[in-house]
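Only one structure is covered here, and it is reproduced in the block below.
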Amino acid sequence: MTTTTRRRAERLLPTLALALLAALPARAFDLALPGTARLAAERITDPGSYEVPVAPWTEMEGLVTQSIEGRIQRQAWRIDATGLTDLQIIAPLRAQLEEAGWSILLDCAARACGGFDFRFATEVMKGPAMYVDLSAYRFLSARNPEGDYLTLLVSHSPATGFVQVIRASTSPSAGTNDEDVGEEDSNAIADDAEPPVLSSSTPDLIRTLEAQGHAVLLDLAFASGAETLAPGKIASLDALADYLNADPARRVLFVGHTDATGTSAANVEISRSRAQAARGYLLEKGIPAGQMEADGAGYLAPLASNLSDEGRRENRRVEVVLLPAVE
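Under mature numbering (1 follows the signal peptide of the UniProt record, and there is no 0), residues -28 to -1, 1 to 299 are what the sequence shown spells out, in order.
Structure representation (structure tokens):
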């Protein structure tokens, strides 16, 4: 190689190096979670789609989202034996994002996000890998300069912190990948699949409850404005009694719902009373009070139109939600 040729090559090296770096895929941004965090479930869909919440839920607009298509990675993390609050968990994660150049789109706590309605309008991985306390959670969505999105959903049970991380990349991928990985979610159904409506007559009630995290108990019938259960045995509650009795660590939440007749405040009270009626049935069966909670959503989560008698009957219901086991 002549001296002239060598000098030309040396001048070209920086340009070639920059070109090679540009051709390499961007390194994925890694969040540093607390040291006790462990991955409970993971799902990667490539290509897939995800609706990124960018504003709180409102009655006028519902949940405003940005639709993203590309590689979607969903993770649920558990932080065991934590005394950290939701804010203490999410604050350092938010700081990491901002330091890395991400723009925060939405950062809110439970009620400011839209409470019950936001929780059930946005995507949440199934229990027991992920758990959300309806009255205590925090949510954050962010976007980086390359156009990728990341969302965080943080909540906790008495002994465990839960962090859901969803990454949505619009960058082109080399192939197709659709897999589930996780200690507690290896048989998970696609998160964007429509969950089956579960009735009390379904033979595998408990199995479906554990897989989906919640179930509608359709054999609990209520007249409009009524708060008490009809007398007699109730198959779904009897099955739940056996389930809870078999393991004292198991816990459930009953959530009552109403039709749209009357005021919001009155319906919340009625729905809570319906949930408490289901809980009371199990208390009479000898199930410890600590294994069950009860709350009401009023008419905020209808299953059908309230314009027909049939729809109103369907909306008057109680759902059971599986809570994390006591550890």
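Idealized CB from N, CA, C, for every residue including glycine.
Just so you know, these numbers come straight off a predicted model, no measurement behind them.
Across the structure, arginine 91 and alanine 81 are spaced so that their CA atoms are roughly 11 angstroms apart. Here the alpha carbon of aspartate 267 sits roughly 33 angstroms from the alpha carbon of isoleucine 44.
For alanine 84, the enclosing alpha helix (DSSP H) stretches over residues 82 to 85. For arginine 43, the three-state secondary structure derived from DSSP is strand. When C-alpha distances from isoleucine 206 are compared across Arg223, Lys257, Thr235, the shortest belongs to Lys257. Arginine 110 sits close to aspartate 58, with the two beta carbons spaced by under 8 angstroms. Around the beta carbon of glutamate 14, a 10 Å sphere encloses 16 or more other beta carbons of the protein chains shown; the residue is thus reported as buried. Proximity of the region 67 to 87 to the region 19 to 36 meets the contact definition, three or more beta-carbon pairs being nearer than 8 angstroms. Taking the CA atoms as reference points, isoleucine 138 sits about 12 angstroms from arginine 115. Distance between aspartate 210 and serine 243, taken at the CA atoms: about 21 angstroms.
Membership of leucine 125 in the beta strand (DSSP E) is indicated by the continuous run 121 to 128. Glutamine 136 places its beta carbon less than 8 angstroms from that of valine 96. The beta-carbon distance between valine 26 and leucine 77, rounded to whole angstroms, is 5 angstroms. This is short enough to meet the 8 angstroms contact definition.
Separation of isoleucine 40 and leucine 216 (C-alpha to C-alpha, rounded to the nearest whole angstrom) is 40 angstroms. For valine 240, the enclosing alpha helix (DSSP H) starts and ends at 236 to 256. Distance from the CA of glycine 73 to the CA of proline 64, rounded to the nearest whole angstrom, comes to 14 angstroms. At the C-beta level, phenylalanine 226 and alanine 261 stay beyond 8 angstroms of one another. With contacts defined as CB atoms closer than 8 angstroms, leucine 294 and histidine 186 qualify as a contacting pair. Boundaries of the alpha helix (DSSP H) harbouring leucine 69: 58 to 71, taken from the DSSP string. In the three-state DSSP reduction, serine 280 falls in the coil class, being neither helix nor strand.
Counting every other CB atom within 10 Å of its CB across the protein chains shown gives leucine 279 a total below 16, marking it as exposed. Spatial neighbours of proline 117 in its own chain (CB-CB distance under 7 angstroms, excluding positions within 5 residues in sequence) are listed in chain order as Gly73. Looking at the DSSP output, glycine 228 sits in a beta bridge with Gly268, Val290. Excluding five sequence positions before and after tryptophan 49, the CB atoms of its chain that fall closer than 8 angstroms to its own CB belong to Leu5, Ala9, Arg10, Leu11, Ala12, Phe134, Val135, Gln136, Val137, given in chain order. Annotation: leucine 189 to proline 220 spans about 22 angstroms, alpha carbon to alpha carbon.
The bridge partners DSSP lists for leucine 11 are Trp49. For alanine 187, no alpha helix (DSSP H) run applies; the uninterrupted beta strand (DSSP E) run containing it begins and ends at 186 to 188, by DSSP. With a 10 Å radius around the Cβ and a threshold of 16 neighbouring Cβ atoms, glycine 55 comes out exposed.
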